[in-house]
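In order, the protein sequence lines correspond to chains A and B. Heads up: the first sequence begins at 1 in our numbering, then just goes up one per residue. Heads up: the second sequence begins at 110 in our numbering, then just goes up one per residue. The beta-carbon is built from N, C-alpha and C at its ideal position, and this holds for glycine as well.
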Amino acid sequence: MISEVLTPEPFFMLATLLFSIGLIGLISRRNLFVVYMSIELMLSSVNLVLVVFSRLRGDMGGSVMVLLMIAVIAAEAALFLAMIIQLVRSRRSVDSDDFAQLRQTKEQL
Amino acid sequence: MLENSIFVILALFLTGGSLMMLWSKQSILSAFGFLIAMLAMAGVFALLENSFLFLAQIMVSVGAVVVLSLMVIITVNMKDEDLPDEPKKLRWILFSAILVAPFSFLMYRALTHMHQSFGVSQEGYGTLKSMGGELFSHWVLPFEIASVLLLAAMVAAIVIARKEPN
Chain A
1 MISEVLTPEP FFMLATLLFS IGLIGLISRR NLFVVYMSIE LMLSSVNLVL
51 VVFSRLRGDM GGSVMVLLMI AVIAAEAALF LAMIIQLVRS RRSVDSDDFA
101 QLRQTKEQL
Chain B
110 MLENSIFVIL ALFLTGGSLM MLWSKQSILS AFGFLIAMLA MAGVFALLEN
160 SFLFLAQIMV SVGAVVVLSL MVIITVNMKD EDLPDEPKKL RWILFSAILV
210 APFSFLMYRA LTHMHQSFGV SQEGYGTLKS MGGELFSHWV LPFEIASVLL
260 LAAMVAAIVI ARKEPN
């Protein structure tokens, strides 16, 4: 059986790695699409942790939570992509530095 | 041993896909890396004996989310010179990796604090039947809230993305 061979630590390491890659992408890239996919990647790594815990405890509750999370991810994707379309239409750019209207300027400080 | 090698292959695809997503300048290449990562994630779910989540991941995350992102990227159709110019990308990525490293170490230690190994899975774990039983007995309210959330997101996406009338 699968269960006697595998240990949970590699799965946790994989989830941590994916979350870190997502966080790095969120911090360091400026392309809006990459930012969006980084957020999705972080959400997916949380899903992975939930599934591993569900498998560890033999409890289907974690898997059901992942199913609901997948629905939330789909909703988030639709909203984010609609927002990107709106931003591109207004400024013809996918650079996140171009959308800084909410930032305080020096005069306002 | 077979499971371990399958896990290593899937982990390589996951990491490689997400690094490709992180590194590519072209948005479309990023989306393909993300596609690879999501497919490999579905494989990991299957390895954890969650057959229904495997299907849901393939159908929703790959079939809907990634394909929608690809369609939006193709529709937006950014030329090379319109893409954000990131001359110091490597330096930024290394700097943020140093920033993130202690946090990920902490997260890994917290996750592996319970030293346990997988037990033998019970009869019916991960099947559609047990999933449905759990979903419609203990998780009915979150399920309904998720449906309202999807409806709200659909309406909001249409409102945000449509052209102004004038």
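Discussion item. Would you call the region 39–50 of chain A in contact with the region 17–24 of chain A, where contact means no fewer than 3 C-beta pairs closer than 8 Å?
Written reply: Because the criterion of three Cβ pairs below 8 Å is met, the region 39–50 of chain A and the region 17–24 of chain A touch.
Item to complete: Label phenylalanine 245/B either buried or exposed according to how many other C-beta atoms from any shown protein chain fall within 10 Å of its C-beta, with 16 as the threshold for buried.
Response: Position 136 of the second sequence holds residue 245/B. With fewer than 16 Cβ atoms within 10 Å of its Cβ, phenylalanine 245/B is classed as exposed.
Item to complete: Kindly indicate which residue of Ile254/B, Gln135/B and Glu158/B has the alpha-carbon position closest to the one of glutamine 231/B.
Response: In the second sequence, residue 231/B corresponds to position 122, counting from 1. Ranking the options by Cα distance to glutamine 231/B, first place goes to Glu158/B.
Discussion item. In the DSSP assignment, the alpha helix (DSSP H) including threonine 16/A goes from what residue to what residue?
Written reply: Within the first sequence, residue 16/A is the residue found at index 16, counting from 1. Residues 8–28.
Discussion item. On the criterion of 16 or more Cβ atoms from any shown chain inside 10 Å, does glutamine 166/B qualify as buried, or is it exposed?
Written reply: Position 57 of the second sequence holds residue 166/B. So glutamine 166/B ends up on the buried side.
Worksheet item: Should valine 171/B be flagged as near chain A, meaning a C-beta pair shorter than 8 Å?
Response: Your numbering for residue 171/B matches position 62 in the second sequence. Output row for valine 171/B: interface = no.
Practice prompt. Check distances from the C-beta atoms of the region 145–157 of chain B to those of chain A and list, in chain order, the residues that come in under 9 Å.
Written response: Correct list: Ala146, Met147, Met150, Val153, Phe154, Leu156 and Leu157.
Practice prompt. Please determine if the region 187–201 of chain B and the region 131–149 of chain B are in contact, where contact requires at least 3 C-beta pairs separated by less than 8 Å.
Written response: Look at the beta carbons and you see the region 187–201 of chain B touching the region 131–149 of chain B: at least three pairs across the two are nearer than 8 Å.
Worksheet item: Applying a beta-carbon distance threshold of less than 7 Å, which residues of chain A neighbour glutamate 243/B?
Response: What you label residue 243/B is simply residue 134 of the second sequence in a count that begins at 1. Residues of chain A with a Cβ closer than 7 Å to the Cβ of glutamate 243/B are, in chain order, Met60, Gly61 and Val64.
Worksheet item: Between valine 209/B and isoleucine 85/A, which are expected to be in contact by the criterion C-beta below 8 Å, what is the C-beta distance as a whole number of angstroms?
Response: Here residue 209/B refers to the residue found at position 100 of the second sequence. Here residue 85/A refers to the residue found at position 85 of the first sequence. Separation of the CB atoms of valine 209/B and isoleucine 85/A is rounded to 30 Å, and the pair is thereby denied contact status at 8 Å.
Practice prompt. Please state whether DSSP places asparagine 113/B in a helix, a strand or coil.
Written response: Against the second sequence, residue 113/B aligns to sequence position 4. Correct three-state label for asparagine 113/B: helix.
Practice prompt. For aspartate 66/A, collect the residues of the same chain with a Cβ closer than 7 Å to its Cβ; drop the 5 residues on either side in sequence, then sort them by chain order.
Written response: Sequence index remark: in the first sequence, residue 66/A carries index 66 (1-based). The sequence as given places valine at residue 66/A; aspartate does not occur at that position. Correct list, in chain order: Asn47, Leu50 and Val51.
Worksheet item: Listed in chain order, which residues of the region 32–47 of chain A have Cβ atoms closer than 8 Å to some Cβ of chain B?
Response: If the cut-off is 8 Å between Cβ atoms, the region 32–47 of chain A has Phe33, Val34, Tyr36, Met37, Ser38, Glu40, Leu41, Ser44 and Asn47 near chain B.
Worksheet item: From alanine 261/B to asparagine 113/B, what distance separates their C-alpha atoms?
Response: For the purposes of this step, residue 261/B is identified with residue 152 of the second sequence, where counting begins at 1. For the purposes of this step, residue 113/B is identified with residue 4 of the second sequence, where counting begins at 1. Approximately 42 Å between the Cα atoms of the pair.
Worksheet item: Roughly how many angstroms separate the alpha carbons of phenylalanine 163/B and serine 44/A, rounded to a whole number?
Response: Mapped onto the second sequence, residue 163/B falls at position 54. Mapped onto the first sequence, residue 44/A falls at position 44. Between phenylalanine 163/B and serine 44/A, the C-alpha separation is close to 13 Å.
Discussion item. Let me make sure I understand the geometry here. Which of Val64/A, Pro10/A and Gly58/A has the alpha-carbon closest to that of glycine 242/B?
Written reply: Start at 1 with the first residue of the second sequence, and residue 242/B comes out as number 133. For the residues Val64/A, Pro10/A and Gly58/A, the minimum Cα distance to glycine 242/B belongs to Val64/A.
Worksheet entry | is_contact[leucine 220/B, chain A] using C-beta, thresh 8 Å | Numbered from its first residue, the second sequence carries residue 220/B at position 111. Leucine 220/B has a beta carbon lying within less than 8 Å of a beta carbon in chain A.
Discussion item. Distance check for leucine 32/A and threonine 221/B, CA to CA, integer angstroms please.
Written reply: On the second sequence, residue 221/B is found 112 positions in, with the first residue counted as 1. On the first sequence, residue 32/A is found 32 positions in, with the first residue counted as 1. A straight line joining the alpha-carbon of threonine 221/B with that of leucine 32/A spans about 33 Å.
Discussion item. What does DSSP give as the partner residue(s) for asparagine 31/A in the beta ladder?
Written reply: On the first sequence, residue 31/A is found 31 positions in, with the first residue counted as 1. Bridge partners of asparagine 31/A: Asp95/A.
Worksheet item: Is there at least one non-hydrogen atom of the ligand PLP closer than 7 Å to the beta-carbon of methionine 110/B?
Response: Ligands are entirely absent from the displayed structure, and the ligand PLP is therefore not among its contents.
Item to complete: Taking only the alpha-carbon atoms, compute the straight-line gap between valine 249/B and lysine 188/B and give it to the nearest angstrom.
Response: Residue 249/B sits at position 140 when you count from the first residue of the second sequence. Residue 188/B sits at position 79 when you count from the first residue of the second sequence. Answer to the nearest angstrom: the Cα atoms are 47 Å apart.
Worksheet item: How about leucine 192/B: is its C-beta nearer than 8 Å to some C-beta of chain A?
Response: By one-based count along the second sequence, residue 192/B stands at place 83. So, interface residue.
Discussion item. Tell me which residues share the same chain as tryptophan 201/B and place their Cβ nearer than 8 Å to its Cβ, disregarding the 5 neighbours each side in the sequence.
Written reply: Position 92 of the second sequence, counted from the start, is the residue given in the question as residue 201/B. Correct list, in chain order: Glu195.
Item to complete: Quick one: give me the first and last residue of the alpha helix (DSSP H) that glycine 233/B is part of.
Response: Taking the second sequence and counting its residues from 1, the one referred to as residue 233/B is at position 124. Glycine 233/B -> no alpha helix (DSSP H), and no H or E assigned at all.
Worksheet entry | For arginine 55/A, three-class secondary structure by DSSP | One-based indexing of the first sequence puts residue 55/A at position 55. It is helical.
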